[in-house]
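Report on one structure; see the data block that follows.
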Amino acid sequence: MVTVDINKCVGCGECEDVCTFGAISIVDEKAVIDQDTCTLCGACAEACPEEAIEITEEGGRPAKGPSLEEWKGVWVVAEIRHGTYAPVTFELLGKGRQLADDLGTHLTAILMGSGVRDKAQELVARGADRVLVVDDPALDQFVDDSYARILARLAGDEKPEIILAGATAMGRAFIPQVATLLETGLTADCTGLEISPEGRDLLQTRPAFGGNLMATIICDTRRPQMATVRPHVLKALEPDESRSGEVLEIQPAQDLLTSRIRVLESVVEEAEGPMLTDAEIVVTAGRGVEDEKHIALIEQLAHCLDAGIGATRAVTDAGLLPGRTQIGQTGVTVSPKLYMGFGVSGAIQHLVGMQGSEMIVAVNKDPEAPIFEIATYGIVGDVKEVLPLLVKKICQERGMAHG
Amino acid sequence: MNIVVCIKQVPDAESVKWDHEKGTLIRDGVQSVINPFDYNAIEAALTLKDELGGKVTAVTMGPPQAQDAIREAMSMGVDEGVVVSDRAFAGADTLATTYTLAKAIQKIGKVDAVLCGKQAIDGDTAQVGPGLAVRLGVPCVTCVGEMEIVDGGKGLRLKRMCEQGYDVVEVAFPMLLTVLASLNTPRVPSLKGKMRAKKAEIPLWSAGDIGAEEGKIGLAGSPTKVFSTHIPKFEARREMLQGSVEEQVDTLIEKFKEAGII
């Protein structure tokens, strides 16, 4: 439970402010915690300038598992679909390389699929010391249960201390199953990974409370330590074809290959224009883009600039643009040269997905909209007025530039 | 069909405001609501019941006030519900949560389908659904965007959405699904449903009631813990363009030219 040392508490209310669950009130200048509402998140203890709040671990934290030190090495789960690596695979290898070097251990990539063995060398070029390949026709399509059981079995046998995977639709589907099979901790959607200065624990940083808070999570009592990592946050290494590594093929037990999920087809939907996450310019529709007529203008502007089209959750929830265009905490992260937001207010959940953009242009009729705080250039105005004008002028410019 | 829908009470995102000056959350007036994606899970559960018959039970883990969430689900047509509630569950991470929910679902009995939202908007981990499927020993399909009954009611054909497009998969019952907002439009509670929900007895199940082992719940069952927290800093730039709309647009285009964008 959370306890307040009333001799230290000065009733400043910092803890009350940071408690998202409304579990703290200041009574007679002392913090009082409603234990039924409290979730033991620890934000109050962190915020308390007097160090008056302590989380006492009722029932205790889990005991450290036996022989944690037997678990050695860093693993990266490669993601390959339709014959191509997801870019996050290389990003994970870049980070995995650094973590393995910090720990003085090796970096292993796990490659599962059908007809993928020829692709193993690419993982070595991107930083892996060793690639474990599980190549079987049964793994041609992504079947959660087989993928999860194979990876869990491999990890149980080989005992890596860290397993990293992309926080993609695929990673988020089967990695939690692996963690549950291994009865270990898993941190979702990390944006930062480091080894703790004292010891070998992995510090896993992720946005919490919709991005309002960054939380660093550790899994200090079990192994492996597992994390899924947001794509487009970490940096990949340039491929180095001269690197050498070991490629080992593993034939999994037949029972692991039997899936209860039958994939009838796997469809790649070709989006018009560049992929949102790869685009140099992203044009984003927010709540202020109210109807299809103005979505059409967003599309026209994107076409003129060869830009990707993004959206806020309000827009995708309203069905004006498909879910895959959603930028932010529950969508994709973008970091283009130019981000343009039309009628985007700048809720923190959206900002965490685009604040790495080089130039940010915001158009919103509310001068107090939070997006203006981080906008390189802000225009206070109605999207319905600004957008048509901008589309016309930019398309004219482009037309002229292209002769 | 014995159908379970897992729901979670979360702070209402609309009522949670952020004080950027102080860098703190403003908690005044924060309301608890059902996690938005869970409405779609409730609707999917009710659709299955409408088509195949059976019973829908809503399960939530939380404080006793989470009974409100169960009542709301019941007003939509869910038959019954239970709150798994015990101080000993506090501080649970997703591993301890999936254990607790699995024990509760096993107490309900043999289950054909478990429906969950894609993720909860407070934690945003999307880990409970797949983890729970492993605990229950059933296959899991995440991010379901379309659902169709096949095989004379023995299974489902599902559209599983992903970054590049989608997969069409078929699974036989029992199964666990996590669903997207685009799957359906949740029904509105009926007056009759509201009356029934108001009067319903919602049981609270303790750790003892579900036969949970002490070391697998709450903090003790949670391998992960928060090591530290900090407030994210965004780079402030803030240059507001001036003049009429046309002048501002012209200035912007000049800026684009300077930056070599057009």
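For the record, the sequence lines run as chains W and X.
Position 284 of the first sequence, counting from 1, maps to 284 under the numbering used here, and the rest follow consecutively.
Heads up: take any position in the second sequence, counting from 1, add 1000, and you land on the numbering used here.
Cβ atoms here follow ideal geometry from the backbone N, Cα and C, with glycine treated the same way.
Quantities reported herein were computed from a predicted structural model and do not represent experimental measurements.
Integer-rounded CB distance, given that residue j should sit under 8 Å from residue i
| i | j | result |
| --- | --- | --- |
| W/GLY73 | W/ILE55 | About 32 Å separates the two Cβ atoms, so there is no contact after all. |
| W/ILE217 | X/PHE1227 | 6 Å |
| X/PRO1283 | W/GLY185 | This structure cannot settle anything about residue 1283 of chain X, because the visible part of chain X is limited to 1001 through 1262. |
| W/TRP71 | W/LEU164 | So it is not a contact: roughly 14 Å between Cβ atoms. |
| W/SER114 | W/LEU256 | With a Cβ gap of about 15 Å, W/SER114 and W/LEU256 do not count as contacting. |
| W/THR316 | W/VAL344 | Their Cβ separation, rounded to whole angstroms, is 13 Å, which puts W/THR316 and W/VAL344 out of contact at 8 Å. |
| W/GLY346 | W/ALA369 | 6 Å |
| W/ILE406 | W/VAL386 | Since the first residue shown for chain W is 1 and the last is 403, residue 406 of chain W is missing from the structure and cannot be characterised. |
| X/THR1229 | W/LEU213 | 5 Å |
| X/LEU1177 | X/ALA1044 | 7 Å |
| X/ASP1124 | W/GLN329 | 6 Å |
Opposing strand residues paired with residue i [DSSP bridges]
| i | result |
| --- | --- |
| W/MET226 | W/ILE163, W/LEU186 |
| W/LEU276 | None; W/LEU276 has no bridge partner. |
| W/PHE342 | W/ALA285, W/VAL363 |
| W/THR84 | W/ARG81 |
| X/PRO1011 | X/SER1032 |
| W/THR3 | W/GLU54 |
| W/ILE218 | X/LYS1225 |
| W/ARG262 | X/GLU1170 |
| W/GLN326 | W/ALA311 |
| W/SER25 | W/VAL32 |
Span separating the alpha-carbon of residue i from that of residue j
| i | j | result |
| --- | --- | --- |
| X/LEU1183 | X/ILE1042 | 11 Å |
| X/GLU1239 | W/GLU358 | 14 Å |
| W/LEU193 | W/PRO207 | 13 Å |
| X/ILE1003 | X/VAL1111 | 6 Å |
| W/PRO224 | X/GLY1221 | 16 Å |
| X/MET1175 | X/VAL1169 | 12 Å |
| W/VAL334 | X/ALA1200 | 47 Å |
| X/GLY1023 | W/CYS48 | Residue placement at X/GLY1023 is poorly supported in this model, since its pLDDT is 48, which falls under 50; the coordinates still yield a value, given next. Each residue's alpha carbon lies about 14 Å from the other. |
| W/LYS119 | W/THR84 | 9 Å |
| X/ARG1135 | W/PRO197 | 35 Å |
| W/ALA215 | X/GLY1081 | 33 Å |
| W/ALA302 | X/VAL1114 | 41 Å |
| X/LEU1132 | X/GLN1242 | 55 Å |
| X/LEU1252 | X/GLN1031 | 41 Å |
| W/TYR377 | W/LEU389 | 17 Å |
| W/GLY103 | W/ILE195 | The identity of residue 103 of chain W in the sequence shown is Leu, whereas the question assumes Gly. When rounded, the distance between both Cα atoms is 8 Å. |
| W/PHE209 | W/GLN349 | 9 Å |
| W/GLU415 | W/VAL289 | In the structure as shown, chain W begins at 1 and stops at 403. Residue 415 of chain W is therefore absent and cannot be evaluated. |
| W/ALA279 | W/ASP306 | 8 Å |
| W/THR221 | W/ALA253 | 30 Å |
| W/CYS9 | W/ILE33 | 12 Å |
| X/GLY1091 | W/SER242 | 48 Å |
heavy atom of the ligand PLP below 7 Å from residue i C-beta
| i | result |
| --- | --- |
| W/GLU46 | Looking at this structure, you won't find the ligand PLP or any other ligand, since it has none at all. |
Proximity test, Cβ basis, 8 Å: residue i and chain X
| i | result |
| --- | --- |
| W/ILE360 | yes |
| W/LEU154 | no |
| W/ARG260 | yes |
| W/ARG222 | yes |
| W/GLY331 | no |
| W/LEU321 | no |
| W/LYS365 | no |
| W/ILE218 | yes |
| W/LEU164 | no |
| W/THR184 | yes |
| W/SER345 | no |
| W/GLY378 | yes |
| W/ASP140 | no |
Residue i at chain W interface by Cβ criterion, 8 Å
| i | result |
| --- | --- |
| X/PRO1223 | yes |
| X/LYS1272 | Outside the modelled stretch of chain X, which goes from 1001 to 1262, sits residue 1272 of chain X, for which no answer is possible. |
| X/PRO1063 | yes |
| X/TYR1039 | no |
| X/SER1228 | yes |
| X/THR1098 | yes |
| X/GLN1009 | no |
Cβ neighbours of residue i in the same chain (closer than 7 Å, five flanking residues each side left out)
| i | result |
| --- | --- |
| X/GLY1145 | LYS1159, MET1161, TYR1166, LEU1180, SER1182, LEU1183 |
| W/PRO66 | none |
| X/THR1097 | MET1061, VAL1128 |
Cutoff 8 Å; reference residue i; Cβ partners in own chain excluding five residues on either side
| i | result |
| --- | --- |
| W/PRO231 | ALA86, PRO87, VAL88, GLU91, GLY166, ALA167, THR168, THR277, VAL332, THR333 |
| W/LEU237 | PHE90, LEU93, GLY94, ARG97, ARG126, GLY127 |
| W/THR258 | ALA138, SER146 |
Chain-order list of residues whose beta-carbon lies under 6 Å from that of residue i (same chain, five-residue window excluded)
| i | result |
| --- | --- |
| W/HIS402 | Caution is warranted here: a pLDDT of 38 is assigned to W/HIS402, below 50, making its placement in the model unreliable, and the coordinate value is therefore given only provisionally. Answer for W/HIS402: no residue qualifies. |
| X/GLY1062 | GLN1009 |
| X/ILE1261 | none |
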